[in-house]
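Colleague: Sequential numbering from -16 applies to the sequence shown in my numbering.
Every residue, glycine too, gets a C-beta built ideally from N, C-alpha and C.
This is the structure I want to talk about, given as structure tokens.
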Amino acid sequence: MQTETIGLATVDLGNALTRYADWPSPTTIIADGPYGVGGFPGDPHTPRELPAWYAPHVAEWSQRALPETTLWFWGTEVGWAMVHPVLDLHGWEYKGLNIWDKGVAHVAGNVNGQTIRGFPIVTEVCARYVRRVEFENEEGEPLSMRQWLRAEWLRSGLPLYKTNEACGVRNAATRKYFTQDHLWYFPPAPMMDMLARYAEEHGAPTTRPYFSLDGTTPLTAEQWSRMRAKWHHAHGVTNVWRENAVRGTERLKKGRTKALHTNQKPLSLMERNVLSTSDPGDVIWEPFGGLCTGALAAARNERRSYSAEIAPDFYTEAVARLKDELEPANETMPLDG
Ligand SMILES: C[S@@+](CC[C@H](N)C(=O)[O-])C[C@H]1O[C@@H](n2cnc3c(N)ncnc32)[C@H](O)[C@@H]1O
């Protein structure tokens, strides 16, 4: 197994499937893998083959993800649509679809209006998923988070309206955190801390602390703050990402003109993936590295990253790119006299 560590970035040569077990659990996964267009060796030729191709990867992501993990799934719109049921089946909760609009310049001069029979495609998609966190009741039956919160409070024998007193609010706690409909809100960590303490103090005596995550130790605010995916809002950004395909000096080339990798993603979009869903020090996975734009975005923002690339040529180029960008240039000392 060949591995290179460049600053905060670790890049493995090989099939990502063989690497996941050795990587620390991720806060963010950036999956920019096969599109089902036969674009590179191993890319299936049709989107129909993608569900079977991705299934073992998705199973691994699910097993190793945390409640705080976000998955960004890049693809064509039909490729993503094909894989969505696999993601759903493995407990990934769909949050939204972002459209990368490369603009008309992407096809300018390349469209034959006599033969195309459809509008030229200048988009790719990037779907966002989070973990569907599941709990159990005392009988071992699965409960969603909102069902569990209510079940735990009711287990204490306290009336629901007392949740407001526990949180020091007039009626917001019952209305927001304990409703079972679409108006439900995730209770912020300080509120959850107050709810757990109140139930412990005023509820029926129990050997299993109320709202305990492991059934034995009392819940802490820190634990609760990690029970959902991270999100850092960027004002003014919508789900339409207008950004040219990579060009100019950002585009890595073989010789003077030929692109090194046809799927090199804009660094700005990979930084958007990283910054909105993780914090400095967190772990980013990039299972399908290519030129490892995700690893570069991670390192530039003080995140640790784990990437795999199966093709030796791309692996070598990715490592060279990361070294160029992340390692301070070796100063050449002037020769004396
Ligand atoms: C869409 S490209 C990624 C491009 C990358 N985001 C960038 O900006 O350079 C997908 C890459 O995944 C690699 N790949 C395909 N199957 C793989 C696997 N099982 N494990 C690791 N890499 C794989 C391909 O060789 C290809 O370079």
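Go through its chain and collect everything with a Cβ distance to Ala228's Cβ below 6 Å, but skip five positions before and after it.
Modeller: Here residue 228 refers to the residue found at position 245 of the sequence shown. Closer than 6 Å at Cβ, skipping near neighbours: Lys85 and His89.
Colleague: Applying the 10 Å Cβ sphere with the 16-neighbour rule, what's the burial state of Ser288?
Modeller: Translated into positions along the sequence shown, residue 288 becomes position 305. By the 10 Å Cβ count, Ser288 comes out buried.
Colleague: Say yes only if the C-beta of Ala(-1) is nearer than 6 Å to one or more non-hydrogen atoms of ligand 1, and no if none qualify.
Modeller: Mapped onto the sequence shown, residue -1 falls at position 16. Ala(-1) Cβ: within cutoff of ligand 1.
Colleague: Residues in the same chain with beta-carbon distance under 7 Å from Ala179, minus the five sequence neighbours each way, listed in chain order, please.
Modeller: Along the sequence shown, read from residue 1 onward, the residue named residue 179 stands at position 196. Once the five neighbours on either side are set aside, the close Cβ partners of Ala179 are Tyr193, Phe194, Pro201 and Leu202.
Colleague: Give me the Cβ distance between Gly58 and Tyr3, rounded to the nearest whole Å; I'm assuming they're in contact under 8 Å.
Modeller: Residue numbering aside, residue 58 sits at position 75 when the sequence shown is read from its first letter. Residue numbering aside, residue 3 sits at position 20 when the sequence shown is read from its first letter. Incorrect: roughly 20 Å between the Cβ atoms, too far for contact.
Colleague: Please work out which residues of its chain come closer than 8 Å, Cβ to Cβ, to Glu122, disregarding the five sequence neighbours upstream and downstream, and give them in chain order.
Modeller: Counted from its first residue, the sequence shown places residue 122 at position 139. So the list is empty, once near-sequence residues are dropped.
Colleague: Looking at C-alpha atoms only, which residue of Asn147, Leu(-4) and Thr232 is the closest neighbour of Gln247?
Modeller: The residue given as residue 247 occupies position 264 in the sequence shown. Nearest C-alpha to Gln247: Thr232.
Colleague: Any chance the segment 248 to 255 sits against the segment 160 to 167, with 3 or more Cβ pairs inside 8 Å?
Modeller: Counting Cβ pairs under 8 Å, fewer than three are found: no touch.
Colleague: Just the Cα atoms here: how many angstroms apart are Ala155 and Ser127?
Modeller: Walking along the sequence shown from the start, residue 155 turns up at place 172. Walking along the sequence shown from the start, residue 127 turns up at place 144. Their Cα atoms are separated by approximately 21 Å.
Colleague: Let me know if Gly320 comes out buried or exposed under the rule of 16 or more other beta-carbons within 10 Å of its beta-carbon.
Modeller: Position 337 of the sequence shown holds residue 320. With a pLDDT of 44 at Gly320, under the threshold of 50, the predicted position of this residue should be treated as unreliable, though the coordinate-derived value follows. Its Cβ having fewer than 16 others within 10 Å, Gly320 is exposed.
Colleague: Quick check: what's the CA-CA separation for Lys159 versus Ala64?
Modeller: Looking up residue 159 in the sequence shown gives position 176. Looking up residue 64 in the sequence shown gives position 81. Their Cα atoms are separated by approximately 33 Å.
Colleague: Considering only heavy atoms of ligand 1, does any lie closer than 6 Å to the CB of Glu292?
Modeller: Against the sequence shown, residue 292 aligns to sequence position 309. Checking the Cβ of Glu292 against ligand 1 gives yes.
Colleague: For ligand 1, is there any heavy atom lying closer than 6 Å to the beta carbon of Phe23?
Modeller: Position 40 of the sequence shown, counted from the first residue, corresponds to residue 23. Correct: Phe23 has its Cβ closer than 6 Å to ligand 1.
Colleague: Give the DSSP-derived three-state secondary structure of Gly320 in the structure shown.
Modeller: As a first step, residue 320 is located in the sequence shown; it is residue number 337 there, counting from the start. Only weak support exists for where Gly320 lies, its pLDDT of 44 falling under 50; the value from the coordinates is given anyway. Three-state DSSP puts Gly320 in coil, outside helix and strand.
Colleague: My output table needs one value for Lys145: the three-state DSSP class, helix, strand or coil.
Modeller: Residue mapping note: residue 145 aligns to position 162 of the sequence shown, counting from 1. Three-state DSSP puts Lys145 in a helix.
Colleague: So what does DSSP say about Leu126, is it helix, strand or coil?
Modeller: What you label residue 126 is simply residue 143 of the sequence shown in a count that begins at 1. Strand.
Colleague: Please specify which runs of the beta strand (DSSP E), each continuous and at least 3 residues long, are wholly inside the segment 146 to 231, giving them in chain order.
Modeller: Correct list: 223 to 225.
Colleague: Check this for me: beta carbons of Pro30 and Val69, under 7 Å apart or not?
Modeller: Translated into the one-based positions of the sequence shown, residue 30 becomes position 47. Translated into the one-based positions of the sequence shown, residue 69 becomes position 86. No. Outside cutoff.
Colleague: Applying the 10 Å Cβ sphere with the 16-neighbour rule, what's the burial state of Leu137?
Modeller: As a working note, residue 137 is residue 154 in the sequence shown. Per the 10 Å Cβ criterion, exposed.
Colleague: Please determine, among Tyr37, Gly25, Trp75 and Ala38, the residue with the shortest C-alpha to C-alpha distance to Leu49.
Modeller: Residue 49 sits at position 66 when you count from the first residue of the sequence shown. The option with the nearest alpha carbon to Leu49 is Trp75.
Colleague: Give me the residue from Trp55, Ser290 and Leu258 with the minimum Cα distance to His218.
Modeller: Residue numbering aside, residue 218 sits at position 235 when the sequence shown is read from its first letter. Of the listed residues, the one whose Cα sits closest to His218 is Leu258.
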